[in-house]
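Asks: Let me begin by handing over the structure; questions about it come next.
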Amino acid sequence: MNWFLDFYRSTVGKKVVMAVTGAMLVLFLVGHMLGNLQVYLGAEAYNHYAEALKALGAGLWAIRLGLLTILVIHLWSSFLLWRTSSNARPVSYRKWTPDASSYASRTMRWTGPIIASYALFHILHLTVGVQQPWFDPHNVYSNVVRGFSNPLLSGIYIVSMLLLVFHLYHGAWSFLQSLGANHPRYNQWRKNFALVVTAAIGLGFIAVPLGVLAGWVK
Amino acid sequence: MNLTLYVWRQKDANDKGRMVQLQASGISEHMSFLEMLDVVNEDLLKKGDEPIAFDHDCREGICGMCGMMVNGKAHGPQDGTCLCQLHMRTFKDGDVLYLEPWRARAFPVIRDLVVDRSAFDRIIQAGGFISVNSGSAQDANAIPIPKENADLAMDAAACIGCGACVAQCPNASAALFVSAKISQLALLPQGQSERHIRVRKMIEQMDREGFGNCTNHGECEAVCPKEISLNNIARMNRDQIVAKVTKAS
Amino acid sequence: MKLDAKIPAGPIAEKWQNAKFSNKLVNPANKRKYTVIVVGSGLAGGAAAATMAELGYKVKCFCYQDSPRRAHSLAAQGGINAAKNYQGDGDSIFRLFYDTVKGGDYRSREANVYRLAEVSNNIIDQCVAQGVPFAREYGGYLDNRSFGGAQVSRTFYARGQTGQQLLLGCYSALSRQIGAGTVEMYTRRDMMDLVLVDGRAEGIIVRNQVTGELEAHAADAVVLATGGYANAFFLSTNAKGCSVSAAWQAYRKGAAFANPCFTQIHPTCIPVSGDYQSKLTLMSESLRNDGRIWVPRKQGDTRAAGDIPESEREYYLEERYPSFGNLVPRDVASRNAKAVCDEGRGVGEGGLGVYLDFADAIERMGEDQVRAKYGNLFHMYQKITDENPYQVPMRIYPALHYTMGGLWVDYNLMSTIDGLFVLGEANFSDHGANRLGASALMQGLADGYFVIPYTIGNYLAAKGAGFAGTDHTEYRAAIEGINDKVNSILSVKGQSSVDEIHRKLGLLMWEHCGMAREEAGLKKALSEMPAIAEEFKTSVNVPGSPGEFNQTLVKALRLADFLEFGELMVRDALERSESCGGHFRLESQTEEGEALRDDENFAHVSAWEYKGAGETPVMHKEPLDFEYVKLTQRSYK
Ligand SMILES: Cc1cc2nc3c(=O)[nH]c(=O)nc-3n(C[C@H](O)[C@H](O)[C@H](O)COP(=O)(O)OP(=O)(O)OC[C@H]3O[C@@H](n4cnc5c(N)ncnc54)[C@H](O)[C@@H]3O)c2cc1C
Ligand code: HEM
Ligand code: HEM
Ligand code: SF4
Ligand code: F3S
Ligand code: FES
Numbered sequence: 001m002n003w004f005l006d007f008y009r010s011t012v013g014k015k016v017v018m019a020v021t022g023a024m025l026v027l028f029l030v031g032h033m034l035g036n037l038q039v040y041l042g043a044e045a046y047n048h049y050a051e052a053l054k055a056l057g058a059g060l061w062a063i064r065l066g067l068l069t070i071l072v073i074h075l076w077s078s079f080l081l082w083r084t085s086s087n088a089r090p091v092s093y094r095k096w097t098p099d100a101s102s103y104a105s106r107t108m109r110w111t112g113p114i115i116a117s118y119a120l121f122h123i124l125h126l127t128v129g130v131q132q133p134w135f136d137p138h139n140v141y142s143n144v145v146r147g148f149s150n151p152l153l154s155g156i157y158i159v160s161m162l163l164l165v166f167h168l169y170h171g172a173w174s175f176l177q178s179l180g181a182n183h184p185r186y187n188q189w190r191k192n193f194a195l196v197v198t199a200a201i202g203l204g205f206i207a208v209p210l211g212v213l214a215g216w217v218k
Numbered sequence: 001m002n003l004t005l006y007v008w009r010q011k012d013a014n015d016k017g018r019m020v021q022l023q024a025s026g027i028s029e030h031m032s033f034l035e036m037l038d039v040v041n042e043d044l045l046k047k048g049d050e051p052i053a054f055d056h057d058c059r060e061g062i063c064g065m066c067g068m069m070v071n072g073k074a075h076g077p078q079d080g081t082c083l084c085q086l087h088m089r090t091f092k093d094g095d096v097l098y099l100e101p102w103r104a105r106a107f108p109v110i111r112d113l114v115v116d117r118s119a120f121d122r123i124i125q126a127g128g129f130i131s132v133n134s135g136s137a138q139d140a141n142a143i144p145i146p147k148e149n150a151d152l153a154m155d156a157a158a159c160i161g162c163g164a165c166v167a168q169c170p171n172a173s174a175a176l177f178v179s180a181k182i183s184q185l186a187l188l189p190q191g192q193s194e195r196h197i198r199v200r201k202m203i204e205q206m207d208r209e210g211f212g213n214c215t216n217h218g219e220c221e222a223v224c225p226k227e228i229s230l231n232n233i234a235r236m237n238r239d240q241i242v243a244k245v246t247k248a249s
Numbered sequence: 001m002k003l004d005a006k007i008p009a010g011p012i013a014e015k016w017q018n019a020k021f022s023n024k025l026v027n028p029a030n031k032r033k034y035t036v037i038v039v040g041s042g043l044a045g046g047a048a049a050a051t052m053a054e055l056g057y058k059v060k061c062f063c064y065q066d067s068p069r070r071a072h073s074l075a076a077q078g079g080i081n082a083a084k085n086y087q088g089d090g091d092s093i094f095r096l097f098y099d100t101v102k103g104g105d106y107r108s109r110e111a112n113v114y115r116l117a118e119v120s121n122n123i124i125d126q127c128v129a130q131g132v133p134f135a136r137e138y139g140g141y142l143d144n145r146s147f148g149g150a151q152v153s154r155t156f157y158a159r160g161q162t163g164q165q166l167l168l169g170c171y172s173a174l175s176r177q178i179g180a181g182t183v184e185m186y187t188r189r190d191m192m193d194l195v196l197v198d199g200r201a202e203g204i205i206v207r208n209q210v211t212g213e214l215e216a217h218a219a220d221a222v223v224l225a226t227g228g229y230a231n232a233f234f235l236s237t238n239a240k241g242c243s244v245s246a247a248w249q250a251y252r253k254g255a256a257f258a259n260p261c262f263t264q265i266h267p268t269c270i271p272v273s274g275d276y277q278s279k280l281t282l283m284s285e286s287l288r289n290d291g292r293i294w295v296p297r298k299q300g301d302t303r304a305a306g307d308i309p310e311s312e313r314e315y316y317l318e319e320r321y322p323s324f325g326n327l328v329p330r331d332v333a334s335r336n337a338k339a340v341c342d343e344g345r346g347v348g349e350g351g352l353g354v355y356l357d358f359a360d361a362i363e364r365m366g367e368d369q370v371r372a373k374y375g376n377l378f379h380m381y382q383k384i385t386d387e388n389p390y391q392v393p394m395r396i397y398p399a400l401h402y403t404m405g406g407l408w409v410d411y412n413l414m415s416t417i418d419g420l421f422v423l424g425e426a427n428f429s430d431h432g433a434n435r436l437g438a439s440a441l442m443q444g445l446a447d448g449y450f451v452i453p454y455t456i457g458n459y460l461a462a463k464g465a466g467f468a469g470t471d472h473t474e475y476r477a478a479i480e481g482i483n484d485k486v487n488s489i490l491s492v493k494g495q496s497s498v499d500e501i502h503r504k505l506g507l508l509m510w511e512h513c514g515m516a517r518e519e520a521g522l523k524k525a526l527s528e529m530p531a532i533a534e535e536f537k538t539s540v541n542v543p544g545s546p547g548e549f550n551q552t553l554v555k556a557l558r559l560a561d562f563l564e565f566g567e568l569m570v571r572d573a574l575e576r577s578e579s580c581g582g583h584f585r586l587e588s589q590t591e592e593g594e595a596l597r598d599d600e601n602f603a604h605v606s607a608w609e610y611k612g613a614g615e616t617p618v619m620h621k622e623p624l625d626f627e628y629v630k631l632t633q634r635s636y637k
């Protein structure tokens, strides 16, 4: 463990931890998105999937705990790195013109926490079912459809997903670079990979509230 | 042509400093950027004012001494070009230029546009070398080096240590500079024995100097006058992972 | 003053071995009792400081830039010679030695040059071991090119940045020692004076550019590796900060200055474009391999190059020197360019330029091939001039580039002051009256890595460890003197800027002590120089105070030394009424206009001794004997 703390003490170490946790979060999202898309298969299939998850019992809690830990590490590292970097330039420029960086890369520190807040909201909304009279922990399908029938709520979801897309647009490329996965011949491929993953996750998630609003999912 | 300059003036490290408006008149488009500043300075001298301090030496884009932010871009608007190699034809009559020093905690301002970059030297001193004493080397052709690696090492070795990467990076990170040296030596057979100690020590020193951390913005590569590639940063990360995860100390 | 070159006994190939064997040694455990000051962190100084520290000496190293990595050695583009004979084309140590003595027009010391050739191979080994990324062939072995008219391929290179890569290698070795605490590095320091105690060089005074403080440093010996003085001409290919100051201070303390008039002018630089110009940029000599040099036959022809028909162009080098053509040596190419421009046939703004045309090469090899070979140079040219050399011919003009003259040193690189050693471009040693391409890098590294570490031991062992501290009166007197000098410059607050005065000096030198020199012109320069020096004393404008970061003051202090030095250079040029190498006296030429040596009267080194301010210096001669090389008249017809 000693070597790890030593590694984590360096900026490169923290950055690698960001990348690993970020990549795990992406994996979770891919799975979660695929699960959610089953909403298009109808109430039975979707509820079946939800039940299967719940049937994991203690396993589910293990996964939840794992996810939470990962998120906390990701967040804490990002905070430490943010602090290092903001200390690194005590006097800022009167004028600074961006060149190669993207809007997405420059807003990572905003999109990250917003997504985390969203997740909290989202858990309260669909897992716990706070303040929703119709909430039925055994009919996840109806919870989803009813929830998203509210355009305001769907709007919040869609906007949050767009921010997520921003975070991932930089993140999915960035984690490869941070882990040193880089080769001149594959670098374009790396960008394409990021684009595809990001687009897939974004579209996959948005498809749910959109489907409800559009009446494809009832 | 005539230009309006807003120049950072700061008498010494303790002075707070401020932007000062100056006029540059009668500038020829064939002048280099530094020659334009020479002209402005001669004007200031004639008026009894103190000239703007800025670092420079070779004026041919190789020593790495020059550099400042020109309208928020390190070394000015032209890609792959040092400030001393930038010519005034890049600008047009009436332009307004903001000139600021490199800004980073690790690069304190000495005066006006001059900063102290000795942090870079200390990083190299921490490990940016191959430990071979004079006279103890074997024949130069004893180890063939694949041309591809030699060329990549040369690409990385072209860094002139100007500090533009740090200046432009939103995090004030020195990743590009440090990784360029690490890469050069990691790509050559001579550099292998110390490869992992080197990366560890150099990164330690980089952090100690108070540079920020890299979040892969890519600004550094874009302004680097020698077009040092981001691939080097990835290589540095990789080596640091290997160094930490697989090596005993 | 006695000039004893201390050349070791024995046949030339054994001299260096003999010297190393008979030199006294400092016991490894005792080395740390000795402190050595090294001024300069270029190839010569950096290599010396690193190597001496590796051996165990305590070293203090100084440079005027903010980092030792920026010494002007890094501007060298072309390459570095070594007698490796990797190409199997008949090269050898003897051939490199022979070529260098011949190339120097027989005005260098055989023994030194032989040693240079001998250690040249170790340099390449050392640099490769340090990680210098020299160019390689596909098989992975080192590539060579032929350079500067050499008949063999012996030049090692790293793209167009050989000097940079060698210096960074040297800087890494130095950094390793700084990190280990064996070298104390002092940056942004200008050497202001050399301090002698009991006739021995024991210390220096430097000015800290950031605080303005004068700092005294004492040691067992002082090594100067402060580069060349081409900036006496204001415009040159040297970095803005290069100066004669360190060498000049040593001269004023009794070190003989040898052959100050031996300067090299490089034929392929980008011409001056206006009077704001601050610096001249070199284009690699390799361009002459494929470019054709010409000017219009008609005077004052203002047509664009493309509108001038073939019959109205004069390819003057090809016509005058049919066998070498565009590849004649640097001095011949330079002088001819000046001659055609003096006839009013120069091209470009101001008429000081000739065409270097690649149209034929592009037709012959195709644009892609030309791009592959010269792409980066073309790119650099286009960046500076905004002209596309693939479409219009380049314009080039000669510029001051290198100075062969420097402080006189013996075989051990010690000057006429005990304990003061001089390395690299700052000494006069190995290049005679003309330096061959790719030989300066070799000399700097040879001096630093392989010569001084041995020879300094001999001096130190004989002297024993120990030196007076910096509270010795000599230090206090030196500091007082510098304070006076600084204050007198700052108190003028006149109308002329430092650059204006420097430009005047430069123009005068270029006019009369540049590519072609003659008695009348040199005398004129000598008579006009005092007025410029007077202008400096009475109306220079240096603002600010001594105790701050004051770049104008730094420049002014350097100019003050150039003003005194310029006179010595002209005096030397006047004295040497022969032509040799880069020193061309109009009075001494063959019927074809070639430099004509006078071996009878001038086969010597002219070493000048300082006699006090305002006094005429005295010239001493070190005769040059040639045992191994046959003196011949150069001919490139
Ligand atoms: C544009 C150009 C291209 C060249 N190309 C080639 C080439 O291809 N091949 C070749 O062999 N040679 C070439 N040369 C020549 C060669 O580069 C130099 O002669 C050589 O590098 C000089 O090395 P040096 O160590 O003696 O001096 P420098 O590298 O000039 O170092 C001088 C050092 O002394 C310090 N210094 C000077 N004055 C003071 C002072 N007063 N106080 C404190 N410190 C001081 C400086 O800070 C610096 O560290 C070229 C030269 C130029 C200008
Ligand atoms: C708690 C909320 C979050 C915060 C504060 C946050 C913050 C950050 C920050 C600051 C980075 C910076 C690294 C960079 O710019 O490259 C980053 C990278 C990343 N984030 Fe997040 N993030 C959060 C949530 C998430 C989530 C939920 C995911 C996954 C879906 C994620 C995936 C990633 C990825 C893949 C990276 C790239 C890692 C790298 O550059 O090596 N983040 N995050
Ligand atoms: C619009 C798209 C989304 C839909 C329809 C959706 C749907 C759901 C549903 C129905 C649940 C509850 C499952 C249950 O209680 O059985 C849930 C849980 C969860 N969702 Fe989402 N989700 C979406 C997007 C997201 C996003 C973008 C994130 C992450 C940033 C996320 C993170 C979570 C988390 C952490 C849980 C809690 C899991 C648990 O119970 O342990 N979801 N989601
Ligand atoms: S990496 Fe580029 S920008 Fe950074 S110091 Fe080196 S040359 Fe300058
Ligand atoms: S701009 Fe900065 S964030 Fe990294 S990629 Fe370059 S160092
Ligand atoms: S002055 Fe040397 S790089 Fe610009």
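Protein chains in written order, with my numbering: chain A, 1 to 218; chain B, 1 to 249; chain C, 1 to 637. Even glycine gets a Cβ: it sits at the ideal position worked out from N, Cα and C. From a predicted model like this one, the values you see are computed outputs, not experimental measurements.
1. By the DSSP assignment, the beta strand (DSSP E) with Val295 of chain C in it spans what residues?
2. Would you say Ser41 of chain C and Phe562 of chain C are within 8 angstroms of each other, going by their C-beta atoms?
3. Does any CB atom of chain B fall closer than 8 angstroms to the CB of Gln178 of chain A?
4. Apart from the five residues just before and just after Ala47 of chain C, which ones in its own chain have a Cβ nearer than 6 angstroms to its Cβ?
5. Would you identify the three-state DSSP class for Asp499 of chain C, choosing helix, strand or coil?
6. May I ask whether a heavy atom of ligand 5 can be found less than 7 angstroms away from the beta carbon of Thr215 of chain B?
7. For Ala74 of chain B, which beta-bridge partners are listed by DSSP?
8. Give the secondary structure of Met19 of chain B by DSSP, where H, G and I count as helix, E and B as strand, and everything else as coil.
9. Whole angstroms are fine: how far does the CA of Asp193 of chain C sit from the CA of Thr107 of chain A?
10. Just to check, is the beta-carbon of Pro225 of chain B closer than 7 angstroms to a non-hydrogen atom of ligand 4?
11. Are the beta-carbon atoms belonging to Asp239 of chain B and Ile197 of chain B less than 8 angstroms from one another?
12. Closer than 8 angstroms, CB to CB, is Ser25 of chain B near chain C or not?
13. Report the three-state DSSP secondary structure of Cys82 of chain B (helix, strand or coil).
14. Secondary structure at Cys220 of chain B, three-state DSSP: helix, strand or coil?
15. Going by beta carbon distance, what residues of the same chain come within less than 6 angstroms of Ser278 of chain C, once the five residues before and after it are set aside?
16. How long is the line joining the alpha carbons of Leu29 of chain A and Met161 of chain A, rounded to whole angstroms?
17. Quick check on Phe91 of chain B - is its C-beta less than 8 angstroms from some C-beta in chain C?
18. Restricting to runs no shorter than 4 residues, where is the alpha helix (DSSP H) found entirely within the region 542 to 630 of chain C?
19. Below 7 angstroms CB to CB, which residues in the same chain sit around Asp198 of chain C once its five sequence neighbours on both sides are set aside?
20. So what's Ser229 of chain B in DSSP terms, helix, strand or just coil?
21. Tell me whether Gly228 of chain C, by its Cβ, gets closer than 7 angstroms to a heavy atom of ligand 1.
22. I'd like to check one pair, Arg345 of chain C with Val295 of chain C: are the Cβ atoms closer than 8 angstroms?
Replies: With the given structure in hand:
1. Arg292 to Pro296
2. no
3. Note that residue 178 of chain A is Ser in the sequence shown here, rather than Gln. So, interface residue.
4. Cys170, Leu445, Gly448 and Tyr449
5. helix
6. Thr215 of chain B Cβ: within cutoff of ligand 5.
7. B:Met69
8. strand
9. Taking the straight line joining both Cα atoms gives about 56 angstroms.
10. yes
11. no
12. Cβ-Cβ to chain C under 8 angstroms: no for Ser25 of chain B.
13. Correct three-state label for Cys82 of chain B: coil.
14. helix
15. none
16. Distance between the alpha carbons of Leu29 of chain A and Met161 of chain A is about 11 angstroms.
17. no
18. Those alpha helix (DSSP H) runs which fall completely within the region 542 to 630 of chain C and span 4+ residues are 551 to 575 and 599 to 602.
19. none
20. coil
21. yes
22. yes
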